[in-house]
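Novice: Okay, handing you the structure first.
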Amino acid sequence: MRKTILIAIALLLVACTDNEPAGVDSISSPGKPVVIASNYPLYFFTREIAGEAIEVGFPTIEGDPAMWAPSGEDAGNLQKADLLILNGAGYESWLAFTTLPDGLILDTTAEVQALLLPIENETVHQHGPAGEHSHQGTAFTTWLDPRLAIEQARTIMQGLSRLVPEQSGLFESNFKALKQRLTQLDQSLEQAFAEMGEKPLMFSHPVYQYLQHRYGIKGRSTHWEPDIEPGTREWIDFGNLLRQHPARLMIWEEAPLDSVREKLLGMGVEVLVFRPTGNTPESGDYFTVMERNLFELTSLLGEDGG
Amino acid sequence: METEWSGNPRGRAALVAEINISGLSFRYAGEQAFEMTLSDFKIGSGQCAAIVGPSGSGKTTLLSLVAGIQIPQQGTIQVGETRVNELGESARREFRIQKVGQVFQAFELLEYLSVIENVLLGSIISSSTTDETRIRAGELLDSVGLGHKTHSKPAKLSHGERQRVAVCRAMLNHPQLLLADEPTGNLDQSNKQNVVDLLIRQAKAHKSTLIMVTHDRSLLDSFEHVIDFGELTGARV
Amino acid sequence: MNGALFLGWRYLIHHRFKTAILLASITLMMFLPAATRLMVADSATALTARAEHTPLLVGAKASQLELVLNALYFHAERPPEIPNQLLDEIHQTGLAIAIPLNTRFHARGAPIVGTNLEYFTFRSLKLADGRLMGLLGECVIGANVARTQGIGIGDSIVSSPETVFDLAGVYPLKMNIVGVLEHTGSADDDAVFVDVRTTWVIQGLGHGHQDLESATAGKAVLSRTDASITANASLVQYNEITTENVREFHFHGDTSGFPLSAVIAVPADEKSGTLLRGRFQEGTVSGQLVIPSLVLADLLETVFTVQNYVILGLIMLSLATVAVITLVFLLSQQLRHGEFFTLKRMGASRSFIATLVASELGFVFLGSLLLASVLTWGVRRYATEFLLSFMTF
Numbered sequence: 002m003r004k005t006i007l008i009a010i011a012l013l014l015v016a017c018t019d020n021e022p023a024g025v026d027s028i029s030s031p032g033k034p035v036v037i038a039s040n041y042p043l044y045f046f047t048r049e050i051a052g053e054a055i056e057v058g059f060p061t062i063e064g065d066p067a068m069w070a071p072s073g074e075d076a077g078n079l080q081k082a083d084l085l086i087l088n089g090a091g092y093e094s095w096l097a098f099t100t101l102p103d104g105l106i107l108d109t110t111a112e113v114q115a116l117l118l119p120i121e122n123e124t125v126h127q128h129g130p131a132g133e134h135s136h137q138g139t140a141f142t143t144w145l146d147p148r149l150a151i152e153q154a155r156t157i158m159q160g161l162s163r164l165v166p167e168q169s170g171l172f173e174s175n176f177k178a179l180k181q182r183l184t185q186l187d188q189s190l191e192q193a194f195a196e197m198g199e200k201p202l203m204f205s206h207p208v209y210q211y212l213q214h215r216y217g218i219k220g221r222s223t224h225w226e227p228d229i230e231p232g233t234r235e236w237i238d239f240g241n242l243l244r245q246h247p248a249r250l251m252i253w254e255e256a257p258l259d260s261v262r263e264k265l266l267g268m269g270v271e272v273l274v275f276r277p278t279g280n281t282p283e284s285g286d287y288f289t290v291m292e293r294n295l296f297e298l299t300s301l302l303g304e305d306g307g
Numbered sequence: 014m015e016t017e018w019s020g021n022p023r024g025r026a027a028l029v030a031e032i033n034i035s036g037l038s039f040r041y042a043g044e045q046a047f048e049m050t051l052s053d054f055k056i057g058s059g060q061c062a063a064i065v066g067p068s069g070s071g072k073t074t075l076l077s078l079v080a081g082i083q084i085p086q087q088g089t090i091q092v093g094e095t096r097v098n099e100l101g102e103s104a105r106r107e108f109r110i111q112k113v114g115q116v117f118q119a120f121e122l123l124e125y126l127s128v129i130e131n132v133l134l135g136s137i138i139s140s141s142t143t144d145e146t147r148i149r150a151g152e153l154l155d156s157v158g159l160g161h162k163t164h165s166k167p168a169k170l171s172h173g174e175r176q177r178v179a180v181c182r183a184m185l186n187h188p189q190l191l192l193a194d195e196p197t198g199n200l201d202q203s204n205k206q207n208v209v210d211l212l213i214r215q216a217k218a219h220k221s222t223l224i225m226v227t228h229d230r231s232l233l234d235s236f237e238h239v240i241d242f243g244e245l246t247g248a249r250v
Numbered sequence: 220m221n222g223a224l225f226l227g228w229r230y231l232i233h234h235r236f237k238t239a240i241l242l243a244s245i246t247l248m249m250f251l252p253a254a255t256r257l258m259v260a261d262s263a264t265a266l267t268a269r270a271e272h273t274p275l276l277v278g279a280k281a282s283q284l285e286l287v288l289n290a291l292y293f294h295a296e297r298p299p300e301i302p303n304q305l306l307d308e309i310h311q312t313g314l315a316i317a318i319p320l321n322t323r324f325h326a327r328g329a330p331i332v333g334t335n336l337e338y339f340t341f342r343s344l345k346l347a348d349g350r351l352m353g354l355l356g357e358c359v360i361g362a363n364v365a366r367t368q369g370i371g372i373g374d375s376i377v378s379s380p381e382t383v384f385d386l387a388g389v390y391p392l393k394m395n396i397v398g399v400l401e402h403t404g405s406a407d408d409d410a411v412f413v414d415v416r417t418t419w420v421i422q423g424l425g426h427g428h429q430d431l432e433s434a435t436a437g438k439a440v441l442s443r444t445d446a447s448i449t450a451n452a453s454l455v456q457y458n459e460i461t462t463e464n465v466r467e468f469h470f471h472g473d474t475s476g477f478p479l480s481a482v483i484a485v486p487a488d489e490k491s492g493t494l495l496r497g498r499f500q501e502g503t504v505s506g507q508l509v510i511p512s513l514v515l516a517d518l519l520e521t522v523f524t525v526q527n528y529v530i531l532g533l534i535m536l537s538l539a540t541v542a543v544i545t546l547v548f549l550l551s552q553q554l555r556h557g558e559f560f561t562l563k564r565m566g567a568s569r570s571f572i573a574t575l576v577a578s579e580l581g582f583v584f585l586g587s588l589l590l591a592s593v594l595t596w597g598v599r600r601y602a603t604e605f606l607l608s609f610m611t612f
């Protein structure tokens, strides 16, 4: 039975580089508990903490895992796991229509409810083929604040220790190592954003609330997609917004279209790609992506002259 | 067709019996009281005797006395070596099973048995049916031309056929004594003669002593010995 | 074989019709009281087993028997509903696992049981095929539903409207079958299991419709402001939940007020159970808490009393039957008088005739005994399910 679960999960996983989630070939031993995470950062943290003691999986999802709509089969596979590592804060909207055992769910932000941020509803919308969605309620990209990420990792460690008590020592030491790295990342980001001072920023999408909050960034958000040209109305609204909020830097989840980049430059706004890495990166892991983000940030800030 | 029964039956000695009746007096006190006294008479061993007389003269009663079904208040009935009147009830039954073959007035075949099972009835009663008896029953039926109807039920037979089955039944146990009570029944004259001829033939073939009761005087010529109950008996009803 | 037995046997075979009637009468005489008793005993055992397996049941303050029958056997008579909030209250006590049940609806005559995944573990229900429900709108069917309806994985089943003219609220929802359970011999075989939220969708408390913010929703939009969009009656509502439209399904209102029929409470241990009962008695938690086995014991006592009257009636009928059979038998012997006389004349003893006569009765009696035993075994095999099927819709 376990073997079937493992193979099923393996089929869900992306097989790419060594740092990618495990492919079919590398599923090793049956008999290990199986844990599934709902997004890439949680998957990464869990794998770092669990080591070889637990099989960690992450479903193959097109696009943003926050928009994932699991099929019945996907939900069936989730049911078979020993633990589900969830982000909480409303990230997993699919909980509303999937059937899962109560005891299976580990909400990694349950202990830090007081630190969660509400979303302010932005009015600039875009219609696109990717589908309409609106951002309401609580912001959920908690892992962009390394301190919150540490708390999430701590909850993961505790959950894994309950699952495999005899490995709790391993989990704790792995967590400590991870915590150290996250703390270093936090310090680096703090330093970088501190150089910005009070300068206002623009964000292409309202998913950077925790970054803003942690590093005191004054930011406003549009609702733009990297692969879509904003319409005339959107540009006009953006121009108005820019007048109220004279940002010189706009942070994007992915590189926008060249035409958009040029137009922004024309308006005096430079583009910075800061990948939230909700899904599996094309290369590297959470830290390499965040370090890349940091590099881009410091490079651009350096050019701007502080 | 009928075949002659030749020679002795396989492995069994032909038994012959002389019938000796003397001093016989029988009384039946029931709803219909009946009294009979009989002059002494004898039937030679292997002889075929007919008993004639009017109805109610005690002809059937005599057969039942000779067969040991009833016992006389007085007198002796000797069949061969056996004094039937002196036998106990169980011995008399045994006597009938072993030594007497009976053809009843209404044939009285059992409707729920097949033809061959009816022929075997005597051995069924004594729980002594063997392969040998079965073969014998089959041969008897063959000899009267009913070999092809061994497994039929009596309901499917004609009157004459039922009669022949009854005769075979009577002959199964190589009886010393063959008793036939009005076997010609409701038959027409030629069939009556056929029945008489069959009985006599079987009796002769098995060296059995035949006593046939009839009220039909036209059949008497076939018999060696005729006993007239009108003369013999002082039967009173 | 003994001659008398042989003749007795042949006699019976020849008179098939008479023998068959005698056989049938005597078989029924033996079978009916035995079967009644066994069926009731076995069913009582099965009912009691299911009730004893269910430690505590929570429902509205109303008929306890109705609550138990509905929650355990999905009986059509529904108790008053309780709010979903009660489930959370029990959960928060930490004293028991709380399993929701909503049994208001039916599909093709089978009760729809809205519950959660813990129910399957609790009842030790195993899948014969497929998987448990993963999305709203998916269902798992009992073995009997699959067999009698001739449906299985990949098929769908539609919920039935509550009344013919059900214009508002309860509307038919097409549910996709994703699993079939193994046969259990219990009421679970006749049920259609769904997530409890699916039953709320059936009830109209939740629904899915085309996205009003999308461009294609134009005709369905009555009015639009910055803050809200109002739809008109031409809005297309989905009557089937699929992977494509599942994100459009949503509930209006606070789900804590949504209805349940009952909650099964499985306490961690006896002490927890006692504490939980105490909370209900104090009124800390609303509703009533019952012990199903005790409630059922009362019902069964009545059933046993009725059973005794039934058996008494059957015995009286049997006596009458015996009298008739005796009469038939005596008449039969009279008719065979000639046959017996012939046999006696041919040398049969009185005991032979007696054996012959007795064998007729003996064979019929033995045959009836055998037949009654086989029938009773058959009833025993299926009695539980048969009687239990009367407990459900």
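First to last, the sequence lines map onto chains V, R and G. Residue 2 is where the first sequence starts when you use my numbering, and the numbers rise one by one after that. Residue 14 is where the second sequence starts when you use my numbering, and the numbers rise one by one after that. Residue 220 is where the third sequence starts when you use my numbering, and the numbers rise one by one after that. Backbone N, C-alpha and C fix where the C-beta goes; we use that ideal spot for every residue, glycine too. Remember, it's a predicted structure, so these values are computed and weren't measured experimentally.
Quick check for students: name the residue ranges of the beta strand (DSSP E) that lie wholly in the stretch 31-59 of chain R, counting only runs of 3 or more.
Specialist: Counting only runs of 3 or more, we get 32-41, 47-50 and 54-56.
Novice: With which residues is aspartate 241 of chain R paired in a DSSP beta bridge?
Specialist: The count along the second sequence starts at 1 and reaches residue 241 of chain R at position 228. Beta-bridge pairing links aspartate 241 of chain R to R:Val65.
Novice: Smallest Cα separation from arginine 269 of chain G: which of G:Val525, G:Phe293 and G:Leu226?
Specialist: Translated into positions along the third sequence, residue 269 of chain G becomes position 50. Of the listed residues, the one whose Cα sits closest to arginine 269 of chain G is G:Phe293.
Novice: If you count every other CB in all the chains shown that lies within 10 Å of the CB of arginine 105 of chain R, and 16 or more means buried, which is it?
Specialist: Along the second sequence, one-based indexing puts residue 105 of chain R at 92. Classification for arginine 105 of chain R: buried.
Novice: So does the stretch 401-413 of chain G actually touch the stretch 302-319 of chain G, counting three or more Cβ pairs closer than 8 Å?
Specialist: In short, these stretches do not touch, since the Cβ pair count stays below three.
Novice: Tell me the rounded alpha-carbon separation between valine 180 of chain R and valine 208 of chain R.
Specialist: What you label residue 180 of chain R is simply residue 167 of the second sequence in a count that begins at 1. What you label residue 208 of chain R is simply residue 195 of the second sequence in a count that begins at 1. Going from the Cα of valine 180 of chain R to the Cα of valine 208 of chain R covers about 9 Å.
Novice: What does DSSP give as the partner residues of leucine 190 of chain R in its beta bridges?
Specialist: Numbered from 1 along the second sequence, position 177 holds the residue referred to as residue 190 of chain R. DSSP lists R:Val113 and R:Thr222 as partners of leucine 190 of chain R.
Novice: Does the Cβ-Cβ distance between leucine 284 of chain G and leucine 518 of chain G come in under 8 Å?
Specialist: The sequence position of residue 284 of chain G within the third sequence is 65, counting from 1. The sequence position of residue 518 of chain G within the third sequence is 299, counting from 1. Yes, the Cβ-Cβ distance between leucine 284 of chain G and leucine 518 of chain G is below 8 Å.
Novice: So alanine 254 of chain G packs on threonine 595 of chain G, CB below 8 Å; how close in whole Å?
Specialist: Within the third sequence, numbered from 1, the residue matching residue 254 of chain G stands at position 35. Within the third sequence, numbered from 1, the residue matching residue 595 of chain G stands at position 376. That belief holds up - the Cβ atoms of alanine 254 of chain G and threonine 595 of chain G are roughly 5 Å apart, short of 8 Å.
Novice: Between the stretch 560-572 of chain G and chain R, which residues of the former have a C-beta closer than 7 Å to a C-beta of the latter?
Specialist: Cβ contacts with chain R: Thr561, Leu562, Arg564, Met565, Gly566, Ala567, Ser568 and Phe571.
Novice: Return no unless some Cβ of chain G is closer than 8 Å to the Cβ of arginine 147 of chain R.
Specialist: The count along the second sequence starts at 1 and reaches residue 147 of chain R at position 134. It does not: the Cβ of arginine 147 of chain R has no partner Cβ on chain G nearer than 8 Å.
Novice: Between glutamate 558 of chain G and chain R, is the shortest Cβ-Cβ distance under 8 Å, so that the two count as touching?
Specialist: To locate residue 558 of chain G, count along the third sequence from 1; it is residue 339. Closer than 8 Å: yes.
Novice: By DSSP's criteria, glycine 425 of chain G is part of a beta bridge. Which residues make up the other side?
Specialist: As a working note, residue 425 of chain G is residue 206 in the third sequence. Partner(s): G:Phe470.
Novice: Is it the case that the stretch 72-84 of chain V contacts the stretch 351-358 of chain G, given that we only count it when at least three CB pairs across the two stretches are under 8 Å?
Specialist: Yes, the stretch 351-358 of chain G touches the stretch 72-84 of chain V.
Novice: What are the boundary residues of the alpha helix (DSSP H) that tryptophan 228 of chain G is part of?
Specialist: Your numbering for residue 228 of chain G matches position 9 in the third sequence. Element bounds for tryptophan 228 of chain G: 222-233.
Novice: Whose C-beta lies closer than 6 Å to the C-beta of glycine 353 of chain G among residues of the same chain, with five residues either side of it excluded?
Specialist: Position 134 of the third sequence, counted from the first residue, corresponds to residue 353 of chain G. Within the same chain, glycine 353 of chain G has no close Cβ partners at all.
Novice: Can you list, in chain order, the residues of its chain with a C-beta nearer than 7 Å to that of proline 277 of chain V? Leave out the 5 residues immediately preceding and following it.
Specialist: For the purposes of this step, residue 277 of chain V is taken as the residue at position 276 of the first sequence. Only Thr142, Leu145, Val208 and Glu254 meet the Cβ criterion.
Novice: For the stretch 339-350 of chain G, which residues have a CB atom closer than 7 Å to at least one CB atom of chain V, in sequence order?
Specialist: Cβ contacts with chain V: Arg350.
Novice: Quick one: complete alpha helix (DSSP H) runs, 4+ long, within the stretch 130-217 of chain V?
Specialist: Listed in chain order, they are 147-164, 169-197 and 210-216.
Novice: I'd like the span of the beta strand (DSSP E) that includes aspartate 414 of chain G, first residue to last.
Specialist: In the third sequence, residue 414 of chain G corresponds to position 195, counting from 1. Looking at the DSSP string, the run of the beta strand (DSSP E) that includes aspartate 414 of chain G is 411-414.
Novice: Here's a check: name, in chain order, each residue in its chain whose Cβ is nearer than 8 Å to the Cβ of glycine 36 of chain R, leaving out the five neighbours to either side.
Specialist: Taking the first residue of the second sequence as 1, we reach residue 36 of chain R at position 23. Once the five neighbours on either side are set aside, the close Cβ partners of glycine 36 of chain R are Asp53, Gln87, Gly88 and Thr89.
Novice: Give me the residue from G:Glu271, G:Gly586 and G:Leu562 with the minimum Cα distance to proline 483 of chain G.
Specialist: Here residue 483 of chain G corresponds to residue number 264 of the third sequence, with the count starting at 1. Rather than proline, the amino acid found at residue 483 of chain G in this sequence is isoleucine. Closest option to isoleucine 483 of chain G, Cα to Cα, is G:Glu271.
Novice: Using a C-beta to C-beta distance shorter than 8 Å, which residues of chain C count as neighbours of phenylalanine 141 of chain V?
Specialist: The chain labelled as chain C is not found among the protein chains of the depicted structure, namely V, R and G.
Novice: When the distance is taken between beta carbons, is proline 201 of chain V closer than 8 Å to lysine 219 of chain V?
Specialist: Numbered from 1 along the first sequence, position 218 holds the residue referred to as residue 219 of chain V. Numbered from 1 along the first sequence, position 200 holds the residue referred to as residue 201 of chain V. Against a cut-off of 8 Å, the Cβ pair of proline 201 of chain V and lysine 219 of chain V comes out as a contact.
Novice: Please check if any C-beta of chain G sits within less than 8 Å of the C-beta of serine 39 of chain V.
Specialist: Taking the first sequence and counting its residues from 1, the one referred to as residue 39 of chain V is at position 38. No, its Cβ sits nowhere closer than 8 Å to a Cβ of chain G.
Novice: Which parts of the stretch 324-370 of chain G are runs of the beta strand (DSSP E), unbroken and 3 residues or longer, counting only runs that do not cross its ends?
Specialist: Correct list: 329-334, 346-349 and 357-360.
Novice: Using 8 Å as the threshold, is the C-beta distance between valine 397 of chain G and alanine 326 of chain G below it?
Specialist: Residue 397 of chain G sits at position 178 when you count from the first residue of the third sequence. Residue 326 of chain G sits at position 107 when you count from the first residue of the third sequence. No, they are not a contact pair.
Novice: Can a CB atom of chain R be found closer than 8 Å to the CB of leucine 226 of chain G?
Specialist: Here the question's residue 226 of chain G lines up with position 7 in the third sequence. So, interface residue.
Novice: Closer than 8 Å, Cβ to Cβ, to anything on chain R: give me those residues from the stretch 228-250 of chain G, in chain order.
Specialist: Listed by position along the chain: Arg229, Tyr230, Ile232, His233 and His234.
Novice: Is phenylalanine 468 of chain G close to chain V, meaning its C-beta is less than 8 Å from at least one C-beta of that chain?
Specialist: By 1-based counting over the third sequence, the position of residue 468 of chain G is 249. Yes, phenylalanine 468 of chain G lies at the interface with chain V (some Cβ there is under 8 Å from its Cβ).
Novice: Measure the C-alpha to C-alpha separation of threonine 1 of chain V and phenylalanine 470 of chain G and round it to an integer number of angstroms.
Specialist: With chain V covering 2 to 307 only, the question about residue 1 of chain V has no answer from this structure.
Novice: Are proline 196 of chain R and methionine 225 of chain R touching if we call contact CB-CB under 8 Å?
Specialist: By one-based count along the second sequence, residue 196 of chain R stands at place 183. By one-based count along the second sequence, residue 225 of chain R stands at place 212. Yes.
Novice: Compute the beta-carbon to beta-carbon distance between valine 205 of chain R and aspartate 234 of chain R, rounded to the nearest angstrom, for a pair I have assumed lies under 8 Å.
Specialist: Sequence index remark: in the second sequence, residue 205 of chain R carries index 192 (1-based). Sequence index remark: in the second sequence, residue 234 of chain R carries index 221 (1-based). Note on identity: in this sequence residue 205 of chain R is lysine, with valine being the wrong assignment. The Cβ separation is near 12 Å, so there is no contact.
Novice: Between which residues of its own chain and glutamate 300 of chain G is the CB-CB distance below 7 Å, once the five residues before and five after are set aside?
Specialist: Taking the third sequence and counting its residues from 1, the one referred to as residue 300 of chain G is at position 81. Hits under 7 Å: Ala279, Pro478, Leu479 and Ser480.
Novice: Please state the DSSP three-state secondary structure of tryptophan 225 of chain V.
Specialist: One-based indexing of the first sequence puts residue 225 of chain V at position 224. Of the three classes helix, strand and coil, the one that applies to tryptophan 225 of chain V here is coil, per DSSP.
Novice: Less than 8 Å between CB atoms is the rule here; does glutamate 121 of chain R satisfy it with respect to chain G?
Specialist: Here residue 121 of chain R corresponds to residue number 108 of the second sequence, with the count starting at 1. Output row for glutamate 121 of chain R: interface = yes.
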